[in-house]
Amino acid sequence: MWRWVRQQLGFDPPHQSDTRTIYIANRFPQYGLYTPQKFIDNRIISSKGYEDWLRHNSDNEVNGAPVYVVRSGGLVKTRSKNIRVGDIVRVAKDEIFPADLVLLSSDRLDGSCHVTTASLDGETNLKTHVAVPETAVLQTVANLDTLIAVIECQQPEADLYRFMGRMIITQQMEEIVRPLGPESLLLRGARLKNTKEIFGVAVYTGMETKMALNYKSKSQKRSAVEKSMNTFLIIYLIILISEAIISTILKYTWQAEEKWDEPWYNQKTEHQRNSSKILKFISDFLAFLVLYNFIIPISLYVTVEMQKFLGSFFIGWDLDLYHEESDQKAQVNTSDLNEELGQVEYVFTDKTGTLTENEMQFRECSINGIKYQEINGRLVSEGPTPDSSEGNLSYLSSLSHLNNLSHLATSSSFRTSPENETELIKEHDLFFKAVSLCHTVQISSVQTDGIGDSPWQTNLAPSQLEYYASSPDEKALVEAAARFGIVFIGNSGETMEVKTLGKLERYKLLHILEFDSDRRRMSVIVQAPSGEKLLFVKGAESSILPECIGGEIEKTRIHVDEFALKGLRTLCMAYREFTPKEYEEIDRHLFEARTALQQREEKLADVFQFIEKDLILLGATAVEDKLQDKVRETIEALRMAGIKVWVLTGDKHETAVSVSLSCGHFHRTMNILELINQRSDSECAEKLRQLARRITEDHVIQHGLVVDGISLSLALREHEKLFMEVCKNCSAVMCCRMAPLQKAKVIRLIKISPEKPITLAVGDGANDVSMIQEAHVGIGIMGKEGRQAARNSDYAIARFKFLSKLLFVHGHFYYIRIATLVQYFFYKNVCFITPQFLYQFYCLFSQQTLYDSVYLTLYNICFTSLPILIYSLLEQHIDPHVLQNKPTLYRDISKNRQLSMKTFLYWTMLGFSHAFIFFFGSYFLIGKDTSLLGNGQMFGNWTFGTLVFTVMVITVTVKMALETHFWTWINHLVTWGSILFYFVFSLFYGGILWPFLSSQNMYFVFIQLLSSGSAWFAIILMVVTCLFLDIVKKVFDRQFHPTNIEKAQLTETNSSIKCLDSMCCFSEGETACASVGRMLERVIGRCRPSHVSRSWSASDPFYTNDRSILTLSTMDSSTC
79 MWRWVRQQLG FDPPHQSDTR TIYIANRFPQ YGLYTPQKFI DNRIISSKGY EDWLRHNSDN
139 EVNGAPVYVV RSGGLVKTRS KNIRVGDIVR VAKDEIFPAD LVLLSSDRLD GSCHVTTASL
199 DGETNLKTHV AVPETAVLQT VANLDTLIAV IECQQPEADL YRFMGRMIIT QQMEEIVRPL
259 GPESLLLRGA RLKNTKEIFG VAVYTGMETK MALNYKSKSQ KRSAVEKSMN TFLIIYLIIL
319 ISEAIISTIL KYTWQAEEKW DEPWYNQKTE HQRNSSKILK FISDFLAFLV LYNFIIPISL
379 YVTVEMQKFL GSFFIGWDLD LYHEESDQKA QVNTSDLNEE LGQVEYVFTD KTGTLTENEM
439 QFRECSINGI KYQEINGRLV SEGPTPDSSE GNLSYLSSLS HLNNLSHLAT SSSFRTSPEN
499 ETELIKEHDL FFKAVSLCHT VQISSVQTDG IGDSPWQTNL APSQLEYYAS SPDEKALVEA
559 AARFGIVFIG NSGETMEVKT LGKLERYKLL HILEFDSDRR RMSVIVQAPS GEKLLFVKGA
619 ESSILPECIG GEIEKTRIHV DEFALKGLRT LCMAYREFTP KEYEEIDRHL FEARTALQQR
679 EEKLADVFQF IEKDLILLGA TAVEDKLQDK VRETIEALRM AGIKVWVLTG DKHETAVSVS
739 LSCGHFHRTM NILELINQRS DSECAEKLRQ LARRITEDHV IQHGLVVDGI SLSLALREHE
799 KLFMEVCKNC SAVMCCRMAP LQKAKVIRLI KISPEKPITL AVGDGANDVS MIQEAHVGIG
859 IMGKEGRQAA RNSDYAIARF KFLSKLLFVH GHFYYIRIAT LVQYFFYKNV CFITPQFLYQ
919 FYCLFSQQTL YDSVYLTLYN ICFTSLPILI YSLLEQHIDP HVLQNKPTLY RDISKNRQLS
979 MKTFLYWTML GFSHAFIFFF GSYFLIGKDT SLLGNGQMFG NWTFGTLVFT VMVITVTVKM
1039 ALETHFWTWI NHLVTWGSIL FYFVFSLFYG GILWPFLSSQ NMYFVFIQLL SSGSAWFAII
1099 LMVVTCLFLD IVKKVFDRQF HPTNIEKAQL TETNSSIKCL DSMCCFSEGE TACASVGRML
1159 ERVIGRCRPS HVSRSWSASD PFYTNDRSIL TLSTMDSSTC
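By the count of this note's numbering, the sequence shown reaches residue 1198 at its end, each step adding exactly one.
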């Protein structure tokens, strides 16, 4: 138990050996074995409690999912969190694997099953897994109860594609040893597809699963505003302590004179005279701390939490962030980071499924040096044809048309003898057969009757067959081959069935040479109906072309480059024919390598290399992963906003670069630098130095950098500073062949750089979770790769294009709102407490309070809290469309400019100046005037303090009104209502003798104050004096030093751009004071909906159906 506790705390490694032994547990008592652990979140308070509660429910949904395990000859229902290593688990179709399982059997005779790993590696299509022959026949619970086996495997590791182990099965007193590899392991988080049910034994559970090991531990994220708040709080704490020390010292300095130390009206007791002076000094110091402690805005944190929590709902209500096709709206998982959306300097994005739709479509191919493209379901080759009106294209609607010579092109490439025509047909036939056979595609339901029987009906095949594949490329290629006359029907056991022009052909599947990232290709060895042994190979051109000894290699290479420049994903196809003797040798080598228990991967790699050589090139394919809508515009807008965009993807170098070019991440005029295929630290360092020199020497405005995963690992190991220097001088960076944890490392490298920039990560798959959690702000795309990214993100949106409004509008507004909120709170607390400090100079530092205790309590709670809260929720200092159309305005708020020390000091000094006017204005205007009251009485202490407090409440409230640019009826209600409430409350509070109050100091004080005309004059004069200085500064700044935002506000007013996103619609028309109003709007930068109409324009970029981000109900533009 103690060791387990130390493991959880991170002091001990969880395992001490390199392997683990698992005994398959199929015999258990049915009751009393497990006690479910229950975690109850009792901290559901405020916004954080609510968010924790949502996460708690999400975790319970996963950990509490019902599963069935085999125990004592039967199936027992339990929860996924109760699965232990060694349990045999049953998983049904479309269910998610609750742990990492070794496949024992399925409903198929060969023990195979199909899974989709979209939530793990982003691949949406099927992968095939197989069980060992000895357990594949155990398809019932009763049969599994007889199984006696032990699994030995490696300790848990994060690599999703690596698993080494063996199963020792005891049958009839004999031990049978079977190797286990990745094809036997079903990963937690993957989903069972196209298979009724499977049985598997749990080898890794809980935090030891590969999915969990690939997750970065979620850390608490804190925004830059929160850090600034803490800095300001420390400054105010220093001010508080300084005021307390000064007051204490001045008190004892003043009391050094005997007449002030012990006046006749306040004689000391004997105990006071004999008490310790040190203790009395400390006591007085603490008393002054209590007296001045209101300068620390404790209520600021409460208001900020309310603002963040309530403000986060506006993102979900924004109809511009709603995706109608998928019926998904934006989600906020962490409201603490709303303002951080306005501070982003780096965007790190995944490619597949984030920038693209993750839907592959066949576009072009190259067969024997001739390039074709698909148009309307027909292959189009280059070159003129007699029956083509264009005169430069030859149409081949399907492979069957090659049998009709009238459909052959008349270009030089087709003007051949009958023998060459037959050879051409054979080459095309062989190419598409390679496409139809070299894959791991499965079929959900086979309906083959009538498919391909007629050459004119081949286009029906894709609509009647539902293909599943381990990669979307494979599915697209097999569907394309079916459209062109060679239809993959399916496989039964070791036989693959293909219909070629209506004729059924059966190929025996002898071996599959699985794809791996080192070889970058996959192969199948099949036996044709005629008996030949054929090897079909498919892979990246860089791995296929060097192994080819025949075919149109150079022409195909040119075509592949042309495909890549169009942003298409390319694959090359090749084949090789084996003699019987060659195949026997290959079969023997494969068997030895696959049954090896030591260095199996190395031996298989050697055998694969031995097999995949001396190839004949057939051609190349090109499929398109379509970009999402408005990706190019969004990336360009981000660049204009001063945000650097990095693409982090697992795709190959050529594909990633082409997609970067097509989406506008890389420009055609950009100088693209490459750091790829580096094999050593010294080689990597030298290449980095060359790139750094090249950036310095080249007179190119923009550079782009391409880095692959291997080179990145070397760069991050020893040359971080040099790598960062190169990256910072590049406008765009693209990292390819990236592992999930590498993505997080790159983001962390940027985060800890000296500039400490704010980072944002966007992804849609579980392989993006680590970088989403590492970045300051994590955005999950609710796409087709599961919900792991959205669940672990701070914000979730349906499409990448929504990022622009999320940052430029919501981020901008949230930052301005909370920055003003923070500054205003410190300002009004300085206004509040400074008169208290000044008053001590006039009461011999006796610690007498200037304000009544009720006023002290309600100042931040009631009198001044609502205007700033509503401002922080509804303020729009500039039109949302202007913010979206002018991304450069985003630069004005970057790097936390609104909370800079200069701005903070301005608000603080403004607070001190207003406080001095409150106190000394009241003192000199009415402090010594004996004619203020009708009975000749002077104002007393409480009347003086109430006057100061009244001026202060009115001034700080009107100051908030001056800062407000966007007025709704709610703003009017809380602004003027707060002042009215103060007067009503004071009249009510001072007009009654409250029996439960120990003192009645305020009785009739406020009524007497308001009965004096001099007091009213003093209030108006001091309020105008305070705010006049503020208005003069605003006018001066706007006229002589306007910011870009202020220029945009002025342009908006002059061009009559309408106010948007009000709580209601306003009609056209102007008031009698329209000219004065327009002048004030120019001075203050205000947009007043009282005389402005609300409108939408179909020409508005990005979002033509802009509706309110603040409206509580849907609004139709026709009603405005």
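Where is the CB? At the ideal position from N, CA and C, for every residue including glycine.
Since this is a predicted model, take the numbers as computed values, not measurements.
Secondary structure note for P945: its alpha helix (DSSP H) is the uninterrupted segment 943 to 952. For L515, the closest of V576, D551, F562, E572 by C-alpha to C-alpha distance is V576.
As the crow flies, the alpha-carbon of R746 is around 26 Å from that of C650.
In the three-state reduction of the DSSP assignment, E711 falls in the helix class, which pools H, G and I. Beta-carbon to beta-carbon, V180 and G267 are separated by about 16 Å, too far to satisfy the 8 Å threshold.
Listed in chain order, the non-local C-beta contacts of T434 below 6 Å within the same chain comprise D703, L705, local neighbours out to five positions each way being set aside. The three-state secondary structure of A719, taken from DSSP, is coil.
E583: not part of any alpha helix (DSSP H); member of the beta strand (DSSP E) spanning 581 to 594, first to last residue. The beta carbons of E655 and L612 sit closer together than 7 Å. Distance check between S570 and each of G563, M1030, Y585, V458 places Y585 closest, using alpha-carbon atoms only. Per DSSP, reduced to three states, the secondary structure at Q676 is coil, with no helix or strand assignment. Under the DSSP assignment, P176 falls outside any alpha helix (DSSP H); it carries neither an H nor an E label. Shown here, H781 sits in a strand according to DSSP, grouped into three states. Contact between the segment 955 to 966 and the segment 881 to 894 is established, with three or more Cβ pairs separated by less than 8 Å.
Per DSSP, Q914 is one residue of the alpha helix (DSSP H) stretching across 890 to 917. Per DSSP, the unbroken beta strand (DSSP E) holding P144 starts and ends at 144 to 149.
The alpha-carbon separation between I622 and V556 amounts to approximately 20 Å. Secondary structure at R771: helix, using DSSP grouped into helix, strand and coil. Listed as beta-bridge partners of I229 by DSSP are I100, M245. Comparing alpha-carbon positions, the option among K355, T1028, C813, H667 lying closest to Q333 turns out to be K355.
Burial is judged here by how many other beta carbons sit within 10 angstroms of a residue's own beta carbon; D178 has at least 16 and is buried. Secondary-structure assignment with DSSP links A700 through a beta bridge to E442, T648. Annotation: the continuous alpha helix (DSSP H) that includes C1104 extends over 1091 to 1118. In chain order, N938 place their CB closer than 6 Å to the CB of S377, counting only its own chain and leaving out the 5 sequence neighbours on each side. A Cβ-Cβ separation of about 50 Å leaves L318 out of contact with M289 under the 8 Å criterion. DSSP places H401 in the strand class (E or B) of the three-state scheme. At a cut-off of 3 residues, the continuous stretches assigned as beta strand (DSSP E) that sit fully inside the segment 771 to 858 are 781 to 786, 810 to 814, 837 to 841.
Per DSSP, the unbroken alpha helix (DSSP H) holding Q385 starts and ends at 376 to 395. DSSP places H959 inside the alpha helix (DSSP H), whose first and last residues are 958 to 963.
Excluding residues up to 5 positions away in sequence, E619, T648, A698 lie with their Cβ nearer than 6 Å to the Cβ of V638 in the same chain.
The segment 608 to 669 is shown to contain whole beta strand (DSSP E) runs of 3 or more residues at 611 to 617, 626 to 628, 647 to 656, in chain order.
In the DSSP assignment, I603 forms a beta bridge with H589, L613. In this structure, S444 keeps its C-beta atom at 7 Å or more from the C-beta atom of T283. Between D842 and A868, the alpha-carbon positions lie close to 7 Å from each other. A buried status is given to G563, since no fewer than 16 other beta-carbon atoms sit within 10 Å of its beta-carbon. Secondary structure note for T427: its beta strand (DSSP E) is the uninterrupted segment 424 to 427.
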